[in-house]
Amino acid sequence: MGDSYVLYHDQIIKNGALSVDFEDRGYLFGDGIYEVVFVYDQKPFALNEHFERFIQSAAKLELVLPYDLQTFKELTQQLISKNKVHDGMVYIQMTRGVAPRNHLYERDMQSVVTGFTKSVSLNTIAESQSNGVQTYLTEDIRWLRCDIKSLNLLGNVMAKRKAADFDCQEAIQHRDGTVTEGSSSNVFIVKNGVLQTHPANNLILNGITRQIVLKIADKLQIPVLEESFSVDDLLRADEVFITSTTMEITPVIKLKGASDQTYKIGSLTKQLQKQFKEQIVTSTSAMKS
Ligand code: PDD
């Protein structure tokens, strides 16, 4: 395995040297948060935005941040360099810390920070970006604070499993007929030239990719509706795509689980994909190696 170094507190150590305490609240309660950042050409993309969200997630759960934003960013960069990641992802996690099991948490605990990288060939994501993916519609059974990037992902993983069982790469979730988001992505539809996605409230994670897509759409003067839409709207959409750090902008070509629907990969999706790629090149070439 190439990515053999991991982050533990503020140290970069060999993977085998890391041991997690079984009384870590992340392990016992899923009591913690995380971020996934993509690395292009050895440089993390949208690192500031990811750590700003990380800090917001920490504040919402009263988790204690052991370092400032700058230190988190530097440690992430060190981990990327140490593992010589050319393209791939960095995962950074912070749990509330270690204590004898008790639902009640203390506010002065020492958080436990861990992280790893995974090298990925860009060809693997390029394929689904050009050919699109199949999705499966399923009920959103998650809690009501999906805006927090918490380690509690049971609803998400159950949805993903169900999608895979129907030969789909992603689940699209709905709450009482209102489409929220994917199991690990945000969902956009296009109807009559208007781009629409669920508003960034407590029912979805405000994806960094989602925010970049909205900025690109604004720049291109594409009309945008940040308003919730129904399963019927999803079925009647001209184009559908999902966004995430690891999937970028991926077209949806099929929706199973309701009345099955197929979609074409539309011109607006392609236009946004192109601009997104350009943004990656601009931002990585602007950063020093
Ligand atoms: N997931 N919604 C959910 C539930 C997610 O888990 C993710 C990302 C997104 C998209 O967010 P972003 O654009 O910031 O990646 C939306 C990451 C990639 C993961 O858990 O692996």
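Positions in the sequence shown are counted from 1; adding 81 to them yields the working numbering.
Every residue gets a Cβ at the ideal spot worked out from N, C-alpha and C, and that includes glycine.
Residue span of the beta strand (DSSP E) that contains Ser200, given as start and end: 193–200
Residues surrounding ligand 1 [beta-carbon distance to nearest heavy atom under 6 Å]: Val117, Asn237, Glu262, Ser265, Ser266, Asn267, Leu286, Gly288, Ile289, Thr290, Arg291, Thr324, Ser325, Thr326, Thr327
Segments of 4+ residues assigned as alpha helix (DSSP H) that fall wholly inside the region 100–131: 106–110
Three CB pairs or more closer than 8 Å across the region 343–355 and the region 226–246: no
Limits of the alpha helix (DSSP H) - the one that Phe153 falls within: 150–163
Option nearest Ile361 by Cα separation, candidates Tyr86, Gln292, Asp122: Asp122
Three-pair Cβ contact test at 8 Å for the region 137–152 versus the region 200–214: no
Three-way DSSP call (helix, strand, coil) for Ser325 in this model: strand
Leu377: first and last residue of the uninterrupted alpha helix (DSSP H) it sits in: With the chain represented from 82 up to 370, any question about residue 377 goes unanswered, as that position is not in the structure.
Status (buried if at least 16 other CB within 10 Å, exposed otherwise) for Glu329: buried
Local conformation of Lys345 per DSSP, three classes: coil
From Lys335, Gln151, Asp341, Pro280, residue whose alpha carbon lies closest to that of Leu306: Pro280
Backbone CA spacing between Tyr89 and Glu130 [nearest angstrom]: 22 Å
Beta-bridge partners of Ser231, as assigned by DSSP: Ile114
Cut-off 6 Å between Cβ atoms - residues of its own chain near Ile153, not counting five sequence neighbours on either side: For the record, residue 153 in the displayed sequence is Phe; it is not Ile. So the list reads Phe132, once near-sequence residues are dropped.
According to DSSP, residues forming a beta bridge with Gly169: Val120, Ser200
Delimiting residues of the alpha helix (DSSP H) encompassing Val294: 289–300
Which of helix, strand or coil DSSP assigns to Leu144: coil
For Ile303, three-class secondary structure by DSSP: coil
Nearest-angstrom Cα separation, counted from Leu185 out to Ser202: 43 Å
Whole-angstrom C-beta distance between Leu218 and Ile270, which should lie under 8 Å: That belief does not hold up - the Cβ atoms of Ile270 and Leu218 are roughly 13 Å apart, past 8 Å.
C-alpha distance - Gln158 paired with Glu320, whole-angstrom precision: 37 Å
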